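Respectively, the protein sequence lines represent chains B and G.
Heads up: the first sequence begins at 2 in the working numbering, then just goes up one per residue.
Heads up: the second sequence begins at 2 in the working numbering, then just goes up one per residue.
C-beta atoms are modelled at their ideal positions from N, C-alpha and C, and glycine is treated no differently.
Predicted model only: the values in this text are computed from it and were never measured.
Written below as C-alpha cells is the structure these notes are about.
Protein chains: 2
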Amino acid sequence: MYTDISKRKAVVLLSGGLDSTTTLAIARSEGYQIYALTFRYGQRHEVEIEAARRIAARYNVAQHVITEIDLRTFGGSALTDDIEVPKNRALDEISDGIPITYVPARNTIFLSFALAWAEVLGASDIFIGVNALDYSGYPDCRPEYIEAFERMADLATKAGVEARQRLKIHTPLISMTKAEIVKKGIELGVDYSLTITCYDPSAEGEACGECDACLLRLKGFAENKMSDPAKYRTASKSRA
Amino acid sequence: MYTDISKRKAVVLLSGGLDSTTTLAIARSEGYQIYALTFRYGQRHEVEIEAARRIAARYNVAQHVITEIDLRTFGGSALTDDIEVPKNRALDEISDGIPITYVPARNTIFLSFALAWAEVLGASDIFIGVNALDYSGYPDCRPEYIEAFERMADLATKAGVEARQRLKIHTPLISMTKAEIVKKGIELGVDYSLTITCYDPSAEGEACGECDACLLRLKGFAENKMSDPAKYRTASKSRA
Numbered sequence: 002m003y004t005d006i007s008k009r010k011a012v013v014l015l016s017g018g019l020d021s022t023t024t025l026a027i028a029r030s031e032g033y034q035i036y037a038l039t040f041r042y043g044q045r046h047e048v049e050i051e052a053a054r055r056i057a058a059r060y061n062v063a064q065h066v067i068t069e070i071d072l073r074t075f076g077g078s079a080l081t082d083d084i085e086v087p088k089n090r091a092l093d094e095i096s097d098g099i100p101i102t103y104v105p106a107r108n109t110i111f112l113s114f115a116l117a118w119a120e121v122l123g124a125s126d127i128f129i130g131v132n133a134l135d136y137s138g139y140p141d142c143r144p145e146y147i148e149a150f151e152r153m154a155d156l157a158t159k160a161g162v163e164a165r166q167r168l169k170i171h172t173p174l175i176s177m178t179k180a181e182i183v184k185k186g187i188e189l190g191v192d193y194s195l196t197i198t199c200y201d202p203s204a205e206g207e208a209c210g211e212c213d214a215c216l217l218r219l220k221g222f223a224e225n226k227m228s229d230p231a232k233y234r235t236a237s238k239s240r241a
Numbered sequence: 002m003y004t005d006i007s008k009r010k011a012v013v014l015l016s017g018g019l020d021s022t023t024t025l026a027i028a029r030s031e032g033y034q035i036y037a038l039t040f041r042y043g044q045r046h047e048v049e050i051e052a053a054r055r056i057a058a059r060y061n062v063a064q065h066v067i068t069e070i071d072l073r074t075f076g077g078s079a080l081t082d083d084i085e086v087p088k089n090r091a092l093d094e095i096s097d098g099i100p101i102t103y104v105p106a107r108n109t110i111f112l113s114f115a116l117a118w119a120e121v122l123g124a125s126d127i128f129i130g131v132n133a134l135d136y137s138g139y140p141d142c143r144p145e146y147i148e149a150f151e152r153m154a155d156l157a158t159k160a161g162v163e164a165r166q167r168l169k170i171h172t173p174l175i176s177m178t179k180a181e182i183v184k185k186g187i188e189l190g191v192d193y194s195l196t197i198t199c200y201d202p203s204a205e206g207e208a209c210g211e212c213d214a215c216l217l218r219l220k221g222f223a224e225n226k227m228s229d230p231a232k233y234r235t236a237s238k239s240r241a
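This is the structure:
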C-alpha cells in the first residue's frame with residue numbers, strides 16, 4: 002500500500018487495456034494518489050482482470066478494488082451476449098455508427114460506482130480513459146455526456162450539496178488519436194506488454210489481432226513506427 | 002409472465018419496502034407493463050429481497066430481475082457497514098441533516114442499472130419511489146437531482162442520442178408525506194403486509210419498530226387511523 006497524505010486522491014477506472022492504463026499513468030504523472038477501480042462484468046475477457054491486477058501492482062496504487070456487476074442480466078451487447086465480435090473490418094467501418102460491442106449505459110454505471118468510492122474517500126477527481134475520436138459511436142464517450150454526469154454528480158452527493166467539493170471527471174484521452182495515446186504512454190514509460198485491449202482474447206491472454214480494438218491498437222503502434230509488445234495469437238499483419 | 006404489446010414498458014425500482022411497492026402500484030394503475038428491478042447490495046436486510054419477490058409475484062410483473070452489486074467494497078454507511086442503526090429518535094431529529102444510513106451515490110447506481118435495462122427493453126420510463134419530504138437529508142432524492150440524471154441519460158444512450166426517446170424518471174411520491182403515500186397505496190389496493198421497510202429487521206422479516214424507517218412508517222399509518230399490517234417484533238407503541 003502506497004499512501005501519501007500530501008497527495009490528492011483520484012479514482013481511476015482501470016480495465017487493463019491500453020487506454021485505461023495510459024490514463025492511470027497520466028493521473029500518476031499529475032501527482033495523484035491512485036485508487037484503481039476494475040469491474041468484473043460478465044464480459045468474455047476475464048484475462049483483462051488479470052491485466053488490471055498486474056498494472057495496479059506495477060504502479061503500486063494506494064488501493065485496487067475489483068467489483069462485480071452483472072450486465073448480462075439485461076443483455077444487449079456483443080461483449081456480454083453471445084453475438085459474434087466483428088473481425089477484420091476496414092478502419093472506416095469501425096468508426097461508422099454505434100458498434101455492436103456497445104454495452105448499454107456502461108460508462109454511466111462505471112462512473113456511478115467511481116462516484117460512490119470518491120465520496121467515501123473524500124476525493125473529487127475521477128479519471129476515465131474514454132476516447133471520442135476512435136470510438137465516435139459510443140454516446141457515453143463524448144464531452145457533453147461527461148459534463149452532464151459531473152452536473153448530476155454534484156447534485157447527488159453530500160459533498161456536492163454541501164459545496165465542499167465539485168466532482169471533476171478527467172478524460173485526458175478524449176480528443177487523442179490512438180497513435181497519440183500510444184506516444185503519450187511511451188513517454189510516461191507505460192509497459193504496454195501488461196495491457197490487454199482485444200475484444201476476443203484467448204484464455205492465455207493472447208489478442209486476436211482482428212477485432213476492432215486490436216486493429217485500432219495496432220494502427221496506433223504502427224503510426225508511431227513501433228511494434229506492439231502485446232502477445233497476439235495470429236501472425237498478425239500490421240504489427241511492425 | 003404477463004406481457005401485452007399494447008402497453009408501454011416501465012422499469013420500476015423495487016426494494017420491497019412501502020415506498021417502492023406503492024410506486025409499483027401507481028405505475029401499474031397508469032397502465033405500464035412492469036419490469037421490476039431489485040438490488041442485492043450487501044445490505045443487512047436480506048429479507049427485503051424476499052419481500053420484493055412476493056410483491057413482484059403478487060403483481061404478476063412482466064419480468065423481475067434481482068441483480069447483485071457490492072457497495073460494501075467502498076464502505077461509508079450504516080446500511081452496509083457495521084455502524085449501529087439509530088433507534089427511537091424523535092421525528093424532528095430524523096429529517097435533520099443527512100442521515101447515518103445514507104449510502105454514497107446509491108440512487109445514481111440504481112438509476113444507472115435501470116437506464117441500462119430500459120435501453121435494452123426500448124423503454125423510456127423509469128419509476129423510483131424517492132421522497133423528498135420525509136427523507137430530506139438524502140441529496141439524491143431531490144427533484145433537481147432527478148432532472149440532472151434525466152439530462153445526463155439522454156446524452157448517455159443510443160436512444161437518447163438518436164432522439165428516438167427521452168428518458169422520463171417518474172417520482173410519484175417525491176412530494177408526498179408518508180401518510181399520503183399510505184393513503185394512495187390503500188386506494189390502489191396495496192397489501193402492505195407484504196412489504197418490509199425496517200432498517201434492522203429480524204431474520205424472519207419482523208420489523209424493529211424503532212428505527213427511523215419504522216417510526217416514519219408507523220406515523221404514516223397512524224395519521225390514516227389505520228394499523229400497519231406488517232409484523233413487528235416488539236409490541237410497538239404507535240401501531241393502532
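Residues of its chain near residue i, where Cβ-Cβ distance is below 8 Å and the 5 sequence neighbours each way are ignored
| i | result |
| --- | --- |
| Arg90/G | Asp213, Leu216 |
| Met227/G | Val183, Ile187 |
| Asn225/B | Ala180, Val183, Lys184, Ile187 |
Cβ pair residue i, residue j closer than 9 Å
| i | j | result |
| --- | --- | --- |
| Gly210/G | Lys179/G | no |
| Ile310/B | Ala117/G | The structure shown does not extend to residue 310/B, since chain B is modelled only from 2 to 241, so the question has no answer here. |
| Leu122/B | Phe150/B | no |
| Asp196/G | Gly18/G | What sits at residue 196/G in the sequence shown is Thr, not Asp. In this structure, Gly18/G lies closer than 9 Å to Thr196/G by Cβ. |
| Ile70/B | Ile70/G | yes |
| Tyr139/G | Leu156/B | no |
| Pro105/G | Glu120/B | yes |
| Thr24/B | Phe128/B | yes |
Where residue i sits in the DSSP three-state scheme
| i | result |
| --- | --- |
| Thr68/G | strand |
| Tyr139/G | coil |
| Arg29/G | helix |
| Leu14/B | strand |
| Arg41/B | strand |
| Asp126/G | strand |
| Ile110/G | helix |
| Glu224/B | helix |
| Cys215/B | helix |
| Ala157/B | helix |
| Tyr36/G | strand |
| Tyr233/B | strand |
Below-9 Å beta-carbon distance, residue i vs any chain G residue
| i | result |
| --- | --- |
| Pro87/B | no |
| Ser237/B | Summary for Ser237/B: the model assigns pLDDT 49, below 50, so the residue's position carries little reliability, and this model does not support an answer. |
| Ala157/B | yes |
| Met227/B | no |
| Asn329/B | The question about residue 329/B has no answer, for chain B in this structure spans 2 to 241. |
| Leu15/B | no |
| Arg107/B | yes |
| Thr178/B | no |
| Arg90/B | no |
| Asp213/B | no |
| Asp141/B | yes |
| Thr74/B | yes |
| Glu47/B | no |
| Phe150/B | yes |
| Ala37/B | no |
| Ala28/B | no |
Neighbourhood of residue i by C-beta distance below 7 Å, restricted to the same chain and skipping five residues each side
| i | result |
| --- | --- |
| Asp20/G | Gly130, Asn132, Leu174, Ile182 |
| Ala26/B | Gly186, Leu189, Val191 |
| Lys8/G | Gly32, Tyr33, Gln34 |
| Pro144/G | Ala133, Ile175 |
| Ala154/G | Leu116, Gly161, Leu168 |
| Gln166/B | Ser125, Ala160 |
Same chain only: Cβ atoms within 6 Å of residue i, ignoring 5 sequence neighbours per side
| i | result |
| --- | --- |
| Pro202/B | His46, Val48, Ala208 |
| Thr39/G | Leu15, Ala53, Ile67 |
| His1/B | Residue 1/B lies beyond the range of chain B shown here (2 to 241); nothing can be said about it. |
| Thr158/G | Glu120 |
| Arg234/G | Ser203, Glu207 |
Min CB distance residue i to chain B below 9 Å
| i | result |
| --- | --- |
| Ile110/G | yes |
| Ala133/G | no |
| Ser113/G | yes |
| Gly161/G | yes |
| Ala57/G | no |
| Leu189/G | no |
| Ile70/G | yes |
Beta carbon proximity, residue i to chain C, threshold 9 Å
| i | result |
| --- | --- |
| Phe128/G | Annotation note: the requested chain C is absent from the structure, which comprises protein chains B and G. |
Rounded distance between the beta-carbons of residue j and residue i, thought under 8 Å
| i | j | result |
| --- | --- | --- |
| Leu72/B | Gly43/B | 6 Å |
| Ala231/G | Tyr200/G | In fact, because the Cβ distance is near 13 Å, the residues do not count as touching under 8 Å. |
| Ala28/G | Ala52/G | Wrong, their Cβ atoms sit about 18 Å apart, outside the cutoff. |
| Leu15/G | Ile56/G | 6 Å |
Check: residue i C-beta below 8 Å from any heavy atom of the ligand GDP
| i | result |
| --- | --- |
| Ser125/B | This structure lacks the ligand GDP; in fact it carries no ligand of any kind. |
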